[in-house]
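Worksheet: one structure, shown below.
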Amino acid sequence: MKLKDVFISLSENQFLNQAAQKYGLKMGASSVVAGTTIEEAIEGIRELNRRGISCTVDCLGEFVSDKAEATKAKDQIIHVIEAIHDTEVDAHISLKPSQLGLDIDYAFCLENLKEIAETASRYEMFINIDMENYERLEPSFRLLEELTQNYPNIGTVIQAYFYRAQSDIERLKDYRLRIVKGAYKETNDVAYQDKMDIDDNFLRLIEYHLQNGKFTSIATHDHQIIEHVKRFVEANHIPKDKFEFQMLYGFRTELQYQLAKEGYQFCTYVPFGTDWYGYFMRRLAERPQNISLVTKQVFNK
Ligand code: FDA
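Going by the UniProt record's numbering, the first residue of the sequence shown is number 1, and it counts up by one from there.
See below:
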């Protein structure tokens, strides 16, 4: 088994997830998770805002298995929207349909999302529907299409490792889209496995949406992709207000600051909450060098 697969299996382990919640941010997670409370996260957001960076906030939550947990997650997200509005920070929301009950009952999940969208629309706040694994892809697109009949300020994510990504981006070209490589373990029936294929498709999708779509969020830590995009927008006269770069909180922070300084719109994905374990394991799966976050913490004690 590859190291990547080990971390993905660990991210799916509900027992370890529950154990981790009891002990606060451990194993180096504090450098990539902006605290366990919204107040702590707001502090981190203010610091980024001071540097001209906007934020998208993720209330971490995984393994939602009953309606009561999903309702709690919905209430928490609404609370976060209110906190963003009250503190006047430059931020919006990212959320995962599974957190709001997608695996339990589609209609129930849609109702939860409607309540969230109602609150966000009051403050003209954008909502991004994060994309999870392949089974949840089509239902998540359906949620988006149903919700935006009444709440247009919602977008989603296209994952470049899927073969179907090009037809999805054509279907969703009128939406604000975040384009990513893809973080989950998928089989070769549905997804490219080779890094070069994924990178090539990633660039094709970014270029397509920059030229044909609404707003594009290019979410990557890959400096080669970023350099390519800079050249592409310049050559094709794509204005800077049509796209932004995005990275995760705590990753390549200097590059984040530099891109903002160069005048590019930049948005940092800020996760917070006690349910940090699965998120942290997926980050280790993506880049085993991130394990240094763990060892630094262990040896700096
Ligand atoms: P990748 O991991 O492929 O690295 C490419 C190269 O970049 C590396 O070889 C190295 O040279 C450099 N590099 C990368 N990280 C570095 C670091 N920390 N320090 C130094 N160099 C580094 N996925 C998903 O399935 N659904 C979703 O909704 C989202 N949402 C999302 C939002 C945001 C803001 C981001 C940034 C990412 C996501 N993702 C995601 C995750 C995404 O799919 C992907 O798994 C990760 O971003 C990792 O891929 P990268 O493109 O960042 O580079």
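For every residue, glycine included, the Cβ atom is placed at its ideal position computed from N, Cα and C. Computed from a prediction, not measured in an experiment: that's the story for all the values here.
Looking at residue i: is its Cβ nearer than 9 angstroms to the Cβ of residue j?
i: GLN159; j: MET131; result: yes
i: ALA34; j: TYR257; result: no
i: THR216; j: HIS223; result: no
i: VAL229; j: PHE251; result: no
i: CYS59; j: GLY278; result: no
i: LEU147; j: LYS96; result: no
i: SER65; j: ILE104; result: yes
i: LEU172; j: THR187; result: no
i: ILE225; j: LEU255; result: no
i: LEU205; j: ILE154; result: no
i: ALA29; j: CYS55; result: no
i: GLY61; j: ASP275; result: yes
i: PHE245; j: PHE232; result: no
i: THR71; j: ASN112; result: yes
i: TYR192; j: LEU144; result: no
i: ALA120; j: VAL180; result: no
i: THR268; j: ILE78; result: no
i: ALA41; j: VAL57; result: yes
Buried or exposed: where does residue i fall if 16 or more other Cβ atoms within 10 Å of its Cβ makes it buried?
i: ASN150; result: exposed
i: GLN99; result: buried
i: ASP189; result: exposed
i: MET281; result: buried
i: LYS261; result: exposed
i: TYR163; result: exposed
i: LYS240; result: exposed
i: THR37; result: exposed
i: LYS301; result: Since pLDDT at LYS301 reaches only 35, below the 50 mark, its modelled position is unreliable, and the value read off the structure follows with that caveat. By the 10 Å Cβ count, LYS301 comes out exposed.
i: ARG178; result: buried
i: TYR123; result: exposed
i: ARG142; result: exposed
i: THR295; result: A caution first: THR295 carries a pLDDT of 49, below 50, which makes its placement in the model too unreliable to give a value.
i: GLY213; result: buried
Following a CB-centred definition, is residue i positioned closer than 8 angstroms to any heavy atom of the ligand FDA?
i: ALA183; result: yes
i: HIS221; result: yes
i: PHE202; result: yes
i: GLN159; result: yes
i: ARG164; result: no
i: VAL130; result: Note that residue 130 corresponds to Asp in the displayed sequence, not to Val. Yes - the ligand FDA has a heavy atom lying nearer than 8 angstroms to the Cβ of ASP130.
i: PHE251; result: yes
i: LEU248; result: yes
i: GLN224; result: yes
i: GLU135; result: no
i: LYS195; result: yes
i: VAL180; result: yes
i: THR274; result: no
Of all the options the options, which has the alpha carbon lying nearest to the alpha carbon of residue i?
i: ILE93; options: GLN76, LEU113, ASN128 and THR87; result: ASN128
i: PRO271; options: SER9, ILE45 and ASP200; result: ILE45
i: GLY182; options: GLU111, GLU124, GLU286 and PRO139; result: GLU286
i: CYS109; options: ASN153, ALA73, VAL6 and ASN49; result: ALA73
i: LEU102; options: LEU137, ASP75 and ALA117; result: LEU137
i: ALA107; options: ILE238, LEU3, PRO139 and ALA83; result: PRO139
i: ILE81; options: MET247, ALA117, THR268 and ASP194; result: ALA117
i: SER167; options: ASN201, TYR184 and GLN193; result: ASN201
i: LYS4; options: LEU205, VAL233 and LYS185; result: LYS185
i: MET247; options: HIS221, GLU227 and GLY263; result: HIS221
i: ARG50; options: GLU39, ASP75, ILE78 and GLU88; result: GLU88
i: ALA83; options: GLU39, GLY213, HIS237 and ALA235; result: GLU39
i: HIS85; options: PHE126, GLU47, LYS67 and PHE63; result: PHE126
i: ASN236; options: GLU227, THR253, GLN211 and LEU259; result: GLN211
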